[in-house]
Amino acid sequence: MLQLASRIGRAKPSAIMQVAEKAKRLKAEGRDIISFSIGVPNFLPGPHVYAAAAEALKHDSGQYGSNRGPDALIDAFIVHMAEIGLTGYTRANCATGIGAKHVIYNLCEALLDEGDTIAFPTPYWTSYVDIAEILNAKIDLLPCPATQNYKLTPAQLDAALAKKPRVFLFNNPSNPTGMVYSKDEITALADVIAKYPDTWVITDDIYNRMVFDGVGYHNFVHARPELRDRVIFIDSLSKTYGMPGWRVGFMAGPEVVAQAVVTMNSNHITNLPEVTTAAALAALSGPQDIPTQKCAEFQAKRDQVMAVMDSIPGLVCPRPEGAFYVFPDISCAFGKTHGPSGTAIKNDVDFCNALLEAKGVACVPGSAFGEPRALRISYTCPTPQLQPGLERFREFFAELA
Ligand SMILES: Cc1ncc(COP(=O)(O)O)c(C=O)c1O
Numbered sequence: 001m002l003q004l005a006s007r008i009g010r011a012k013p014s015a016i017m018q019v020a021e022k023a024k025r026l027k028a029e030g031r032d033i034i035s036f037s038i039g040v041p042n043f044l045p046g047p048h049v050y051a052a053a054a055e056a057l058k059h060d061s062g063q064y065g066s067n068r069g070p071d072a073l074i075d076a077f078i079v080h081m082a083e084i085g086l087t088g089y090t091r092a093n094c095a096t097g098i099g100a101k102h103v104i105y106n107l108c109e110a111l112l113d114e115g116d117t118i119a120f121p122t123p124y125w126t127s128y129v130d131i132a133e134i135l136n137a138k139i140d141l142l143p144c145p146a147t148q149n150y151k152l153t154p155a156q157l158d159a160a161l162a163k164k165p166r167v168f169l170f171n172n173p174s175n176p177t178g179m180v181y182s183k184d185e186i187t188a189l190a191d192v193i194a195k196y197p198d199t200w201v202i203t204d205d206i207y208n209r210m211v212f213d214g215v216g217y218h219n220f221v222h223a224r225p226e227l228r229d230r231v232i233f234i235d236s237l238s239k240t241y242g243m244p245g246w247r248v249g250f251m252a253g254p255e256v257v258a259q260a261v262v263t264m265n266s267n268h269i270t271n272l273p274e275v276t277t278a279a280a281l282a283a284l285s286g287p288q289d290i291p292t293q294k295c296a297e298f299q300a301k302r303d304q305v306m307a308v309m310d311s312i313p314g315l316v317c318p319r320p321e322g323a324f325y326v327f328p329d330i331s332c333a334f335g336k337t338h339g340p341s342g343t344a345i346k347n348d349v350d351f352c353n354a355l356l357e358a359k360g361v362a363c364v365p366g367s368a369f370g371e372p373r374a375l376r377i378s379y380t381c382p383t384p385q386l387q388p389g390l391e392r393f394r395e396f397f398a399e400l401a
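If you use UniProt numbering, the sequence shown closes out at 401, no skipped numbers anywhere.
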């Protein structure tokens with residue numbers, strides 16, 4: 001019998017989408033469902049973005065384009081980076097892709113041979129594992145539990161880099177935890193990275209414009225400019241501009257790495273569609289009031305979620321300072337039962353299933369992110385749904401026996 005390639009046996013469908021699908025099914029059956037499951041920003045880009053896309057359609061927009069991305073878009077990205085203190089990049093340092101996910105996939109293809117090691121902290125964004133597994137890379141998970149605020153320590157990084165992984169992948173602000181590293185924390189990690197020149201560093205920082213409480217966004221390159229020789233910065237329009245389906249992602253790093261991504265693009269996507277890049281250019285270079293306003297809204301919603309998390313006895317929930325996720329450690333519920341039929345809660349998956357069935361609230365089990373003691377709440381749902389969803393969550397806890 002004809003076989004598929006072995007890498008397909010290693011690829012898994014997204015655990016996050018499975019929860020979202022179940023919530024959708026229950027909703028279609030008429031249940032009142034509040035979804036805290038998928039990480040979509042839930043707002044639309046400004047009218048100037050649609051206007052730019054419509055304008056592009058009027059021109060000869062169906063031609064092949066640049067494998068790197070159009071010059072105007074790359075230039076706008078370079079300006080955007082300069083605004084967050086990442087200066088001195090040229091077009092040759094940059095490349096685009098069909099969303100950050102595609103850029104990360106391309107980068108991993110470009111940097112990792114089969115059997116090479118990629119190290120990253122856990123909790124992690126699910127696709128890191130899936131991409132590494134498809135490429136048959138070895139994964140070194142660096143556990144960062146709630147007790148250490150889900151953050152990597154310099155000592156942990158030192159031990160990991162001493163093993164000379166080919167790639168260290170870092171995500172700040174974090175999906176799923178929402179944690180943000182302070183300037184001092186980034187500096188301490190950058191000092192460790194500087195000791196180990198054999199490792200490429202990918203910083204997946206797509207939530208860099210969603211940082212609260214004045215903490216600011218910091219990158220290893222801010223702390224140690226010489227690390228630019230091997231740090232690759234990832235950005236995306238998906239979350240910041242409410243454009244997840246437009247699929248525009250970016251990278252900036254050493255020229256040789258950007259060129260590798262361009263070569264990968266030339267062999268699978270060729271180019272981003274012109275209508276998309278026109279919209280992306282308008283988003284990056286137009287008025288920035290929507291991202292600014294959404295960041296303030298998310299900070300207020302974070303406070304609303306944390307007020308409920310902090311009121312639940314036994315629950316441990318480090319306070320996030322960015323993105324739009326909260327990641328409570330719910331392990332105090334394990335071993336208990338819920339409801340008159342005594343549904344057993346043995347783990348995070350049982351918890352999320354029972355919460356969805358009993359209260360119609362969809363969350364993603366932490367095991368999807370390598371942390372089975374927790375679950376992820378994505379709080380971008382319409383504002384009127386947030387408090388009722390949180391109240392149902394609190395009720396569910398109170399009913400555990
Ligand atoms: C940490 C992180 N990196 C990358 C991505 C992918 O973003 P994009 O939509 O640009 O592919 C996501 C999306 O959820 C994410 O949370």
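Here a beta-carbon is modelled for each residue, glycine too, at the ideal position from N, C-alpha and C.
Predicted model only: the values in this text are computed from it and were never measured.
Asked                                                                                                       : Found
Short Cβ contact (8 angstroms threshold) for residue 86 with residue 172                                    : no
Helix, strand or coil at residue 31 according to DSSP, with G and I counted as helix                        : coil
Contact the region 104 to 124 vs the region 143 to 154: 3+ CB pairs below 8 angstroms                       : yes
Strand pairing of residue 139, partner residues [DSSP]                                                      : 118
Any non-hydrogen atom of ligand 1 within 7 angstroms of residue 100 CB                                      : yes
Those residues which DSSP pairs with residue 243 across a bridge                                            : Paired residue(s): none; residue 243 is not in a bridge.
7 angstroms CB neighbourhood of residue 67 in its chain, flanking five on each side removed                 : 262, 265, 266, 270 and 271
Residue 175 to residue 377 span [Cα, whole Å]                                                               : 11 angstroms
Nearest candidate by alpha-carbon position, reference residue 186, set 203, 348, 330 and 360                : 203
Residues that DSSP places opposite residue 325 in a beta bridge                                             : 378
Cβ pair count under 8 angstroms reaching 3, the region 136 to 151 against the region 273 to 287             : no
At least three beta-carbon pairs within less than 8 angstroms, the region 290 to 305 to the region 81 to 96 : no
Simplified DSSP state of residue 164, which is helix, strand or coil                                        : coil
Alpha-carbon spacing of residue 225 relative to residue 254, whole angstroms                                : 13 angstroms
Element boundaries [beta strand (DSSP E), containing residue 338]                                           : 336 to 338
Length of the line joining the Cα atoms of residue 71 and residue 389                                       : 45 angstroms
Touch test, the region 357 to 369 against the region 41 to 51, Cβ-Cβ under 8 angstroms, three pairs minimum : no
Where the alpha helix (DSSP H) containing residue 231 begins and where it ends                              : No alpha helix (DSSP H) holds residue 231; the beta strand (DSSP E) holding it covers 231 to 236.
Sheet register partners of residue 200 (DSSP bridge)                                                        : 167
Buried versus exposed, by CB contacts within 10 Å (16 or more), residue 28                                  : exposed
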